[in-house]
Amino acid sequence: MQIKNFLLLGMLCTYVFFTKAQSPATSISGTLKNSVGEAVASATIKLQNTYQGSTSDHNGFFRISNVKPGTYIVLVNSLGFAPQKRQVIVVSNQELKLNFSLTESSQDMEMVNVIGRTATQESNRQAYNVTAIDAKKLHNTTLDLSHVLDKVSGIRVRESGGVGSSVNLSLNGFTGRQVKFFIDGVPMDNFGSSFQINNIPVNLADRIEVYKGVVPISLGADALGGAINIITNKGLNNYLDLSYSYGSFNTHRTNVNAGFTSKSGFTMQLNAFQNYSDNNYRVYVPIVEDLISGKTSLGWANRFHDTYQNETIIANVGVVNKKYADRLTVGVTLGQNDADVQTGNRMFDVYGGRKRKGNIIMPSLKYSKNDLFTKGLDINLSANYNLGEEQTIDTLNKLFNWRGESIYKGTYPDRWSLGGERGRTLYKYRNNNGLANLNSTYKLNERHSFVLNGMYSTFNREGSDELIPEDENLKQPRKTQKAILGIGYRFEASVKWNTTLFVKKYFQNNTTFQVVEKIYYTQKSNFQFTGYGVASTYFLNAGLQLKASYEKSYRLPENEELFGDVGNVDPNFNLKPESSDNLNLGIAYSYRINKDHHLGFDGNFIYRFAKDFIRPVVTTIGTAQLRNGNLRDVINNGFDTDIRYSYKRLFNAGFNVTYQNIRNNTKYEGSSTTVSPVYKDRMPNMPFLFGNANAAVFFNAGRQGNTLSVGYNLLYVHAFYLRWPSQGDSALGKDDVPTQFGHDANITYTLAKGKYNLALEGRNLANNILYDNFSLQKPSRSFNLKIRYFLSNKFN
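91 is the number of the first residue of the sequence shown in this note's numbering; add one for each residue after it.
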């Protein structure tokens, strides 16, 4: 209740401040849309023969404040659109509202002083260390979101296998839950196993924003090392996007995206996708011949128990462009996944009957309104609640080797005495988690704006195991309540320089119950912290940008870290929150050599000093279970850089490199006065040098509007140790993940200006043994064929 009261009080105070701060003033506002009803971002709107003007935001909205009464000519310019001008009369103390429909134009726009930018380009110009990806350019590929992100500088997406396998994303040295995911600004903390980045097709996204380090206050979460915001299609155009792909290992992917908006403002959207794969690729593994003698030999084998299947539907219906709401929708996300479990945390553990299942039933509400109650106050509200179930199934009283042969049957007093390959279970549970997020922005004038964000989430895991109905511990609830309140201020001194200051308040209450000899025990933990930060950017000229940002951030322990994942991760209720001082310095340079050649460069330096760093460690050699623990101090400094070149629309190429020097900075362990033997060691089981290189050529193929493109991508990951470098005998060799090269290629044929599309992709063409985690091999060489049909604005 204290958390709820704090949030309500903060929001009320901010609203009163906003209302009082707004003084009566004459202004001109409106929206810009293209011929199919999509918002036009980053266009310039100027009053002729004055210094007053504005820029449209990602919703196409603009406002020019403090305009004196009189007659004006409004000029609108945006790259790729014909200029417009309109004569208007401004009356004292009355806001004039204008709407513009811009017409696409191929004419040379060199004479426009300020050039409009796409939403992706505008995101990249923020003060934060951010990389924005235009996902629309990838809609013809068979990539899921995890493989898209794996090509971004600073990111390594580490998978434990093929389609549907567990994913751990590393962003500038921070991994797992230290990096937060959002969809349209809504945290994905409670989406469950049926809705993960490696089963979501890239077609769901319009663009993807990757924040490395400092995270905007508008994304309300406790991200320690960065955040990834997946932005979907919010346009008002009507569209239908259908695709199907088939590939190696009997892999099938289907995707349907559709949107409809009527002239009356009724809108509906549907996103549906399906993934299936046998994942029966070849691996080079230790094959146990006999369990009793332990005789083992290395050899090639096909994965035989790794089928994955999931289906998801996201439906939203509501209204747009009403007096009471710019957008109001209710929706539901329904999905399920059914996955065989082939291995544990290492390839030596082989399963032939172990499975995991899950579903998502999540109703949702979204509301947004500009100029709510008072001019300049914009509100975005979202809420959802996941009613889905998760289950781990392990009842087979056998053990298998990599040939799929049973190497043990029967019972004797050991860990398999009750059956099951790792631990006999049919444990089924609900996480019963809900989330509400409110983001409000107030623009006092062209220079000063404020933002308030409040996020509240609740978690209550309850379950039971029908194989052990008398086990009361399995039935005990595990609860978490979390709230984060953030307030920020942005000062835009000029078009060249802007700075943002912000403060965050973190709250968390955790409760777990345990039964020992019929006595019930309750264990609780409560955390409260204050974080803060600043981000600033300055443009030396139109193509050269400098960035700097700093944040004192906190990350509260996640539910799966505290209570386990009922699979491969054991619980640790004694985890403490981790904190970090994050510093980012960046430079972005864009240079055009006449009309044909374009060169782009991004470089970023990072510094992280983290305390109580949470990392998983192997707890038991026999079952290779993971358990998260706090490592006291960790320091990281490094850089990432991205260089791109393009020639007209015929050729583009680029490469990125990331180096992260992550060191253990804990000098004394516990109460010991002896210097730790791994003090200043590089963090184990974490890549420190990696990069990508890519190139693509484009041809006009057949009639006008048909395009053939050929692309190539190279992945490089330098070798890294599995365990602390100072431990082990170098003469006997140390376990490591070796240096890796991955080669991918694609051919795409687009007809009728993108209406019909055909793509062929090859991955790991050299058929190298690739790892993201020690010994957990990724798929061998594979090929995928995708067909796609896209229709836009044809329904009315």
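Yeah, the Cβ is synthetic: ideal placement off N, Cα and C, and Gly gets one too.
- Around the Cβ of GLN604, a 10 Å sphere holds fewer than 16 other Cβ atoms; the residue is exposed.
- Setting aside the 5 residues that flank it on each side, ARG537 is surrounded in the same chain by GLU582, each with a C-beta closer than 6 Å to its C-beta; the list follows chain order.
- When DSSP states are grouped into helix, strand and coil, LEU860 belongs to the coil group.
- Contact check for GLY443 and LEU486: beta-carbon distance about 3 Å, within the 8 Å limit, so the pair qualifies.
- Sequence-distant Cβ neighbours of GLN794 in its own chain, meaning closer than 8 Å and more than five residues away, do not exist here.
- Our two residues, ASP702 and THR627, have alpha carbons roughly 31 Å apart in a direct line.
- In the three-state DSSP reduction, VAL292 falls in the helix class (H, G or I).
- The residue among VAL346, LYS413, ALA415, TRP390 with its C-alpha nearest the C-alpha of ALA405 is VAL346.
- Secondary-structure assignment with DSSP links ASN523 through a beta bridge to ASN476.
- Shown here for LYS770: same chain residues with a beta carbon closer than 7 Å to its own, the five before and five after excluded, namely ARG753, ASN754 in chain order.
- In the DSSP annotation of this structure, VAL130 is not part of any alpha helix (DSSP H), being labelled neither H nor E.
- In terms of Cβ geometry, GLY524 and ASP484 do not form a close pair [threshold 8 Å].
- When DSSP reads this structure, ALA362 sits in a beta bridge with VAL346, ILE403.
- Counting other Cβ atoms within 10 Å of its Cβ, ASN857 stays below 16 and is therefore classed as exposed.
- For PHE653, the uninterrupted alpha helix (DSSP H) segment begins and ends at 649-653.
- In this structure, the alpha-carbon of SER132 lies about 13 Å from that of ARG153.
- Secondary structure of GLN794 (DSSP, three-state): coil.
- One Cα belongs to ASN124, the other to VAL130, and the distance between them is close to 6 Å.
- Residue burial annotation: ALA295 is buried, with at least 16 other C-beta atoms found within 10 angstroms of its C-beta.
- In the three-state reduction of the DSSP assignment, ARG853 falls in the strand class, which pools E and B.
- Ranking ARG705, ARG717, GLU851, TYR301 by CA distance to the CA of VAL800 puts GLU851 first.
- Here TYR519 is actually not in contact with GLY478; their C-beta atoms are around 10 Å apart, not less than 8 Å.
- Taking the C-beta atoms as reference points, LEU516 is found nearer than 8 Å to LEU557.
- For LYS459, same chain residues with a beta-carbon under 6 Å away, outside a window of 5 residues either side, are ALA415, ASP416, ILE469 in chain order.
- Boundaries for VAL656: no alpha helix (DSSP H) harbours it, and the DSSP string shows neither H nor E there.
- Under the 8 Å Cβ criterion, the segment 272-291 does not count as touching the segment 214-224, having fewer than three qualifying pairs.
- By DSSP's assignment, ASP771 forms no beta bridge with any residue.
- Under the DSSP assignment, SER236 falls in the alpha helix (DSSP H) whose first and last residues are 235-239.
- The C-beta distance from GLY844 to PHE880 rounds to 6 Å, short enough to fall under 8 Å.
- The C-alpha of THR620 lies about 7 Å from the C-alpha of VAL593.
- Boundaries of the beta strand (DSSP E) around SER670: 668-683.
- The DSSP-derived three-state label of ALA638 is strand.
- Using a Cβ distance threshold of 8 Å, PHE699 and LEU675 do not count as a contacting pair.
- Nearest to SER308 by C-alpha distance, out of TYR806, GLY744, THR531, PRO828, is THR531.
- Collapsing the DSSP output to three states places LYS226 in a helix.
- Cα atoms of GLY244 and THR265: separation of roughly 11 Å, rounded to the nearest angstrom.
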